[in-house]
Ligand SMILES: [Zn+2]
Ligand SMILES: [Zn+2]
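In my numbering, the protein residues as written are 30 to 345.
Take a look at the structure:
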């Protein structure tokens, strides 16, 4: 099968072996996949991953109870037996693999193996181009799953890219005071069009008045910037994963008693509901699309230009 494989570099393989299913896994024929900031970080060495990239996808289940139906898949493959699994924290399973990120081949391929229990059926009326956003929208819904958000909370989302846009939309359904801070006028315009306030980073004073600051910058500058915006006793939510090490003066966290919350994968059911109800708008985020066979060029474009979501058409 075809696959976009990360090894020393990233390359298209036309003869990559079909995935072999482990216990509880089913084969999914991939229809569409999305390129994410994490894929670009993996290419820079994050997690030391080697294998088929890709963790945002829609496909058709080939086997199992959902055979023949369109599905999306949660990306953490848990053992089901360890301490963390038994505590109901499968996304933190000690022995997990993660689709396209950790010891499990991903979705930039004709076929992917996914645990049946990770699959969610896509509603018939939902376009594949919408459903492919389930994983990042779920990640946005992880924020309200981790902390209470009040209508009166002043929320700043740092970053006007894919994840920043989606987090802002989810948070704007919960708070009346969401501000997206970014660097790209054309990306901020998309947020403006949704009725959410925006500002250029260069125009934002270090006011230290936000109750909640969400870092979606994908950059190691995000956390220091968040510290200049959050109020004492406020909360910084870190959605950014950066390859390599970051240095930071930690004393402000102590002095201002700032809470730092790491936030990763979220609830797929909530994301599918919101997408089905049209509560989150994703179509304007699609900036480019490529055939899977041109996946290397697609990744190159996503890496080099400030594009929003690049999709890969894998099959019909
Ligand atoms: Zn992702
Ligand atoms: Zn486990």
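Cβ atoms here follow ideal geometry from the backbone N, Cα and C, with glycine treated the same way.
Starting from residue 189, trace the alpha helix (DSSP H) both ways and give me its first and last residue. Within the chain shown, the letter at position 160 stands for residue 189. Unbroken run through residue 189: none, as it is neither H nor E.
In three-state DSSP terms, what is residue 277? Locating residue 277 in the chain shown gives position 248, where the first residue counts as 1. DSSP places residue 277 in coil when its eight states are reduced to three.
Between residue 275 and residue 249, which are expected to be in contact by the criterion C-beta below 8 angstroms, what is the C-beta distance as a whole number of angstroms? Numbered from its first residue, the chain shown carries residue 275 at position 246. Numbered from its first residue, the chain shown carries residue 249 at position 220. With a Cβ gap of about 5 angstroms, residue 275 and residue 249 count as contacting.
Could you tell me the boundaries of the alpha helix (DSSP H) in which residue 297 lies? Along the chain shown, one-based indexing puts residue 297 at 268. 297–305 is the span of the alpha helix (DSSP H), which, as asked, contains residue 297.
Take every Cβ of the region 203–213, pair it with every Cβ of the region 261–269, and state whether three or more of those distances are shorter than 8 angstroms. Taking 8 angstroms as the limit for Cβ pairs, the verdict is that the region 261–269 does not touch the region 203–213.
Mind checking whether the beta-carbon of residue 294 lies closer than 6 angstroms to any heavy atom of ligand 2? Stepping through the chain shown from its first residue, residue 294 is reached at position 265. No, the Cβ of residue 294 stays beyond 6 angstroms of every heavy atom of ligand 2.
Residue nearest to residue 236 in terms of C-alpha spacing, selected from 259, 216, 218, 202: To locate residue 236, count along the chain shown from 1; it is residue 207. Of the candidates 259, 216, 218, 202, the one whose C-alpha sits nearest the C-alpha of residue 236 is 259.
Could you tell me which residues DSSP puts in a beta bridge with residue 138? Along the chain shown, read from residue 1 onward, the residue named residue 138 stands at position 109. Beta-bridge pairing links residue 138 to 32.
Would you kindly work out how many angstroms separate the C-alpha atoms of residue 240 and residue 289, rounded to a whole number? By one-based count along the chain shown, residue 240 stands at place 211. By one-based count along the chain shown, residue 289 stands at place 260. Looking at the two C-alpha atoms, the distance is approximately 12 angstroms.
Rounded distance between the beta-carbons of residue 199 and residue 170, thought under 8 angstroms: As a working note, residue 170 is residue 141 in the chain shown. As a working note, residue 199 is residue 170 in the chain shown. Right, their Cβ atoms sit about 6 angstroms apart.
Indicate whether residue 85 and residue 164 have their beta-carbon atoms separated by less than 7 angstroms. One-based indexing of the chain shown puts residue 85 at position 56. One-based indexing of the chain shown puts residue 164 at position 135. For the pair residue 85 and residue 164, the CB atoms are nearer than the 7 angstroms cut-off.
If we ignore side chains and look at the alpha-carbon of each, how far apart do residue 104 and residue 295 end up? By one-based count along the chain shown, residue 104 stands at place 75. By one-based count along the chain shown, residue 295 stands at place 266. Distance from the CA of residue 104 to the CA of residue 295, rounded to the nearest whole angstrom, comes to 10 angstroms.
For ligand 2, which residues count as neighbours when the test is a C-beta closer than 7 angstroms to any heavy atom? 107, 108, 109, 110, 111, 113, 114, 119, 122, 123, 124, 125
Beta-carbon proximity list for residue 229, same chain, < 8 angstroms, skipping 5 on both sides: Residue numbering aside, residue 229 sits at position 200 when the chain shown is read from its first letter. Same-chain partners within the cutoff: 210, 211, 212, 214, 217.
In three-state terms, what does DSSP make of residue 211? The sequence position of residue 211 within the chain shown is 182, counting from 1. The DSSP-derived three-state label of residue 211 is strand.
Which value, in whole angstroms, describes the spacing of the CA atoms of residue 324 and residue 181? Mapped onto the chain shown, residue 324 falls at position 295. Mapped onto the chain shown, residue 181 falls at position 152. Each residue's Cα considered, the two are about 44 angstroms apart.
Through-space distance from residue 219 to residue 307, alpha-carbon basis: Position 278 of the chain shown, counted from the start, is the residue given in the question as residue 307. Position 190 of the chain shown, counted from the start, is the residue given in the question as residue 219. Using only the alpha carbons, I get a separation of about 16 angstroms.
What's the C-alpha gap between residue 331 and residue 233? In the chain shown, counting from the first residue as 1, residue 331 sits at position 302. In the chain shown, counting from the first residue as 1, residue 233 sits at position 204. Residue 331 and residue 233: Cα-Cα distance of roughly 27 angstroms.
DSSP three-state label for residue 128, please. Against the chain shown, residue 128 aligns to sequence position 99. Looking at residue 128 - three-state DSSP - the assignment turns out to be coil, as it is neither helix nor strand.
Spatial distance of residue 111 from residue 147 (CA atoms): If you number the chain shown from 1, residue 111 lands on position 82. If you number the chain shown from 1, residue 147 lands on position 118. Rounded to whole angstroms, residue 111 to residue 147 spans 17 angstroms at the Cα level.
Please go through the same chain and pick out, in chain order, the residues whose beta-carbon is closer than 7 angstroms to the beta-carbon of residue 56, but skip the five residues on each side of it. Within the chain shown, residue 56 is the residue found at index 27, counting from 1. Non-local C-beta neighbours of residue 56 in its own chain, meaning closer than 7 angstroms and more than five positions away in sequence, comprise 48, 50, 91, 92, 140, 142, ordered along the chain.
Quick one: is the Cβ of residue 269 within less than 6 angstroms of any heavy atom of ligand 1? Indexing the chain shown from 1 puts residue 269 at position 240. The answer is no for residue 269.
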